[in-house]
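Worksheet: the structure to be examined is printed underneath.
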Amino acid sequence: MKAICFYFQIHQPFRLKRYRFFDIGNSHYYYDDFANDDIITRIAHRSYIPAAESLLRMINETGGKFRCAISITGLALEQCEQYVPEFVDILKKLADTGKVEFLAETYNHSLSSLIDPEEFRDEVMHHTAKIKEVFGQTPKVFRNTELIYSDEIAPQILDMGFKGAITDGAKHILGWKSPNYVYSAATAPKLKLLLKNSKLSDDIAFRFSNTEWDAYPLTADKYIDWIASTPPEEQIVNLFMNLETFGELQARESGIFQFLEALPRFAAEKGIDFWTPSEAIQKLKSVGELSVPYPISWADEARDTSAWLGNKLQNEAFRKLYSISERVRLCEDRPLQQDWARLQASDHFFYMSTKHMADGDVHSHFSPYETPYQAFTNYMNVLADFIVRVEEQYPLSIENEELNSLLTTIRNQAREIETLNKEVSTMRLNAEHYNEEHKTRDAAAVEAKTPEAAAEPAKKTRKPRAKKAAPAAAIAEAPVAEEAPAPKKRGRKPKKQ
3 MKAICFYFQI
13 HQPFRLKRYR
23 FFDIGNSHYY
33 YDDFANDDII
43 TRIAHRSYIP
53 AAESLLRMIN
63 ETGGKFRCAI
73 SITGLALEQC
83 EQYVPEFVDI
93 LKKLADTGKV
103 EFLAETYNHS
113 LSSLIDPEEF
123 RDEVMHHTAK
133 IKEVFGQTPK
143 VFRNTELIYS
153 DEIAPQILDM
163 GFKGAITDGA
173 KHILGWKSPN
183 YVYSAATAPK
193 LKLLLKNSKL
203 SDDIAFRFSN
213 TEWDAYPLTA
223 DKYIDWIAST
233 PPEEQIVNLF
243 MNLETFGELQ
253 ARESGIFQFL
263 EALPRFAAEK
273 GIDFWTPSEA
283 IQKLKSVGEL
293 SVPYPISWAD
303 EARDTSAWLG
313 NKLQNEAFRK
323 LYSISERVRL
333 CEDRPLQQDW
343 ARLQASDHFF
353 YMSTKHMADG
363 DVHSHFSPYE
373 TPYQAFTNYM
383 NVLADFIVRV
393 EEQYPLSIEN
403 EELNSLLTTI
413 RNQAREIETL
423 NKEVSTMRLN
433 AEHYNEEHKT
443 RDAAAVEAKT
453 PEAAAEPAKK
463 TRKPRAKKAA
473 PAAAIAEAPV
483 AEEAPAPKKR
493 GRKPKKQ
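If you're matching positions, the sequence shown starts at 3 in this note's numbering and goes up one per residue.
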């Protein structure tokens with residue numbers, strides 16, 4: 003028996019407004035509400051709503067044989083409740099079918115699992131409570147932000163009560179192994195791992211409407227044939243993608259919705275079932291332990307965390323943010339806690355990426371900033387103001403030398419951020435000056451070559467003209483006859499008129 007696990011991710015980051023240095027201490031509202039409303043409303047009506055309606059039809063038309071999993075961040079759910087509540091209503095209908103499993107994850111779509119175990123746990127518990135409140139389900143399977151996973155994170159996931167986790171079937175981790183099995187965590191053997199089949203997932207998410215792809219056009223029967231042709235002992239194929247794949251990344255006109263809705267019929271013909279993650283973990287045994295010594299993710303070609311923490315800008319912002327995490331948890335100010343949640347979203351660091359080639363195209367496509375340096379400067383300005391507010395809420399009145407030392411350091415962070423911003427501006431100006439200097443040199447080189455290249459043709463055209471007879475008056479008036487810079491240099495006196 004072979005089965006497919008379909009996972010759909012829903013995540014929308016909060017866009018920060020353009021926050022200047024002189025706003026620090028004056029304005030504490032950091033968000034571009036107009037952009038946030040416009041983006042999620044547009045995507046919801048082009049993608050989320052019609053895609054969810056397709057899933058609902060697939061469940062009803064198959065009598066519940068089609069099943070899937072949905073992963074929606076707490077921040078995205080908040081935005082949907084505020085701007086597109088009709089989409090939340092459809093998600094509730096999907097939950098009521100009993101055929102859609104909602105996964106647990108970090109509430110803020112953050113990178114806290116890489117640096118702050120306490121914050122990581124708080125977020126996951128907060129998200130679990132939110133899913134229970136809205137959809138009436140208590141998640142049993144966990145997927146971390148951007149499928150980030152490592153041996154260090156595994157025991158934390160198990161300790162929070164989850165039976166399974168989903169991560170990427172990264173080639174540099176699997177080696178010769180296949181992602182189409184259930185594995186167990188090397189550092190937490192009771193935790194089962196489901197691995198994303200990157201090739202088959204990306205065939206839908208990125209290559210579906212690519213006319214240059216050798217497998218174009220991709221039809222439902224062809225796709226199911228690919229899955230059916232995998233070795234019979236490989237029992238589970240995990241397909242993980244953004245829900246916005248349907249209608250946004252792949253336009254409705256490409257036939258993506260018809261493709262999706264046709265999958266159950268062809269799967270049934272091949273004897274392929276659809277399972278939820280919990281069903282897969284319950285029905286299948288682990289074929290062995292999988293060790294992941296360094297964090298992996300589903301992002302970029304490297305499948306690591308360099309999409310968010312791959313340069314100095316990203317690491318500086320990341321370090322500054324989590325240097326105050328302990329203090330923020332001691333604050334009881336609700337607006338401050340809300341801002342803390344939104345500032346942790348991994349997208350802020352994603353926009354600071356300086357990667358190039360294909361990975362760089364992905365980063366620049368999703369970024370609202372012109373450059374990574376602009377993203378960094380804007381974020382650090384907001385963070386500087388946030389740090390000042392944290393300090394005001396939690397002053398130096400506690401008798402704790404270590405904490406007092408930490409707070410003293412934080413007092414200087416705003417000035418450090420200002421200095422760093424100036425350094426970034428200087429780097430940008432130097433780069434522009436460098437480019438301009440090279441442009442000037444290139445132009446000078448072209449000009450230097452042009453007179454020499456044009457000199458010979460000019461002489462050749464004058465000689466035949468000189469043979470023609472010309473009126474004496476015209477010759478006398480010609481400016482060329484009066485210009486004699488060369489004779490001057492040889493010491494000859496100009497002719498008297």
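Glycine included, each C-beta is placed from N, C-alpha and C at the ideal position.
Taking the alpha-carbon positions, what's the W342 to F8 distance?
Spanning the two alpha carbons is a distance of roughly 32 Å.
Is R20 buried or exposed, if buried means 16 or more other CB atoms sit within 10 Å of its CB?
That one is exposed.
Residue environment, M382, which counts as buried when at least 16 other CB atoms sit within 10 Å:
Counting Cβ neighbours within 10 Å, M382 comes out buried, since at least 16 surround it.
Where L332 falls, given that 16 or more other Cβ within 10 Å makes a residue buried:
Exposed: under 16 other Cβ atoms inside 10 Å.
Just curious, the beta strand (DSSP E) that F388 is in, first and last residue?
Run containing F388: none in the beta strand (DSSP E); it sits in the alpha helix (DSSP H), P374 to Q395.
Beta-carbon proximity of V184 to I283, cut-off 8 Å:
Result yes, Cβ atoms of V184 and I283 sit closer than 8 Å.
By the three-class DSSP mapping on this structure, what secondary structure does P295 have?
Assigned with DSSP and collapsed to three states, P295 falls in coil, not helix or strand.
Mind checking F242: buried by the 16 CB within 10 Å criterion, or exposed?
Its Cβ being crowded by 16 or more others within 10 Å, F242 is buried.
What is the residue span of the alpha helix (DSSP H) that A207 lies within?
Where A207 is concerned, the enclosing alpha helix (DSSP H) stretches over S200 to A207.
Just the Cα atoms here: how many angstroms apart are A156 and P295?
Taken atom to atom, the span from the alpha-carbon of A156 to that of P295 is near 11 Å.
Rounded to a whole number of angstroms, what is the C-alpha to C-alpha distance between E394 and S369?
So the alpha carbons of these two residues sit roughly 32 Å apart.
Does the region 159-169 come close enough to the region 140-150 to have 3 or more Cβ pairs within less than 8 Å?
Three or more beta-carbon pairs separated by less than 8 Å link the region 159-169 to the region 140-150, which places the two stretches in contact.
Taking one C-beta from the region 125-137 and one from the region 173-183 each time, how about it: are there three or more such pairs within less than 8 Å?
Judged by Cβ distances under 8 Å, the region 125-137 makes no contact with the region 173-183, as fewer than three pairs qualify.
Does DSSP classify I133 as helix, strand or coil?
In the structure shown, I133 sits in a helix (DSSP, three-state: H, G or I).
Which of helix, strand or coil does DSSP assign to W342?
For W342, the three-state secondary structure derived from DSSP is helix.
Backbone secondary structure at S29 - three-state DSSP:
DSSP places S29 outside both helix and strand once states are collapsed to three, so it counts as coil.
So what's P52 in DSSP terms, helix, strand or just coil?
Helix, per DSSP.
Per DSSP, what are the beta-bridge partners of N240 in this structure?
N240 pairs with C7 and K198.
Hey, quick one: how far does the alpha helix (DSSP H) through F352 stretch, first residue to last?
Unbroken alpha helix (DSSP H) run through F352: D349 to F352.
Assign T247 to one of two classes, buried (16 or more other C-beta atoms within 10 Å of its C-beta) or exposed (fewer than that).
Around the beta carbon of T247, 16 or more other beta carbons sit within 10 angstroms, so the residue counts as buried.
Can you name the start and end residues of the alpha helix (DSSP H) that C82 belongs to?
Start and end: G76 to Y85.
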